[in-house]
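The numbering of the sequence shown is my numbering, which starts it at 18 and goes up by one. Yeah, the Cβ is synthetic: ideal placement off N, Cα and C, and Gly gets one too. Being a predicted model, the structure only gives us computed values, none of them experimental.
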Amino acid sequence: MAIEIRRLTGEELKKTLGALAQLRISVFRAWPYLYEGTLAYEENYLGRYAETEGAVIVGAYDGDRLVGAATGEPLGGEYEAFQAPLRAKGFDPGKLFYMAESVLDPAYRGRGVGHLFFDEREAHAKELGFGEAVFCAVVRPDDHPMKPADYRPLDPFWTKRGYAKLEGVMVTFPWQDVGESEETDKLMQVWYRKF
């Protein structure tokens, strides 16, 4: 299975939002996100990428089928919940590029696509004049009943990419977990890199 990586902006980005919504619902249902997604929520959440200057989707395609995607945008276009903790620690959100979600169909993992997602988003950020990037990683308790026994955190991968945890910088954002009847706040650790 050959995978083609495409960097999408503008109209191409807008045309991909529906496929990205379906992919997010499927992939994020697994640990550690446990996301009980709906298309209505996705339409609202992803709609901001269509409106934010500088937003990007890096799509991974098997033929015409989107099998993975990574999103990003200037942090100034993100929800205030993502900006405020960084601002409180002295960062200027206007100078940070936000590496948002990365989702990949499990059948396509282990082929270097994760690195390509970071490469393409970082290149896009540099082209826009950014020299710093952040992303958020979901924090779940080690004893969570839904944690798979074979789960391996991605911390070593991110560290190898040059990112480090910003100690004490956490984002709180709500979504509905699998098995929950309503949204609850989730904690996410902020990671940072200067290019």
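Residue i and residue j look like a contact to me (Cβ under 8 Å); what is the Cβ gap, rounded to whole Å?
i: M116; j: F152; result: 4 Å
i: I42; j: A77; result: Actually they are not in contact, since the Cβ atoms of I42 and A77 sit about 17 Å apart, beyond 8 Å.
i: L103; j: P110; result: 6 Å
i: F114; j: A142; result: 4 Å
i: K112; j: E149; result: 6 Å
i: E90; j: A72; result: 4 Å
i: G131; j: S119; result: 7 Å
i: V156; j: L204; result: 5 Å
i: E139; j: F212; result: 6 Å
i: R46; j: V195; result: 6 Å
i: R178; j: F147; result: Between F147 and R178 the Cβ distance is about 16 Å, and since that is not below 8 Å, they are no contact.
Output needed for residue i: all residues of its chain with C-beta closer than 6 Å, excluding positions within five of it in sequence on either side, in chain order.
i: I99; result: A small fix is needed here, since residue 99 is Phe in this sequence, not Ile. The answer, listed in chain order, is V188.
i: I74; result: L25, L30, T33, A86, T88
i: L133; result: I22
i: E95; result: Y115
i: V44; result: V120
With a CB to CB cut of under 8 Å and the five nearest residues on each side skipped, what residues in its chain are close to residue i?
i: W208; result: V151, F152, C153, A154, W175, Y180, A181, K182, L183
i: A19; result: D79
i: T69; result: E90, P91, G94
Near residue i, what residues of its chain come up, given a Cβ to Cβ distance below 7 Å and the 5 sequence neighbours on each side ignored?
i: Q193; result: E53, E199, E200
i: M163; result: W48, L51
i: E59; result: A38, R41, I42
Check the DSSP bridge columns for residue i and list the partner residues they point to.
i: P191; result: D202
i: Y209; result: V151, A181
i: S119; result: A87
i: R24; result: V75
i: F114; result: P91, A150
- What are the uninterrupted segments assigned as beta strand (DSSP E) that are 3 or more residues long and contained completely in the region 49–91, given in chain order? 73–79, 82–91
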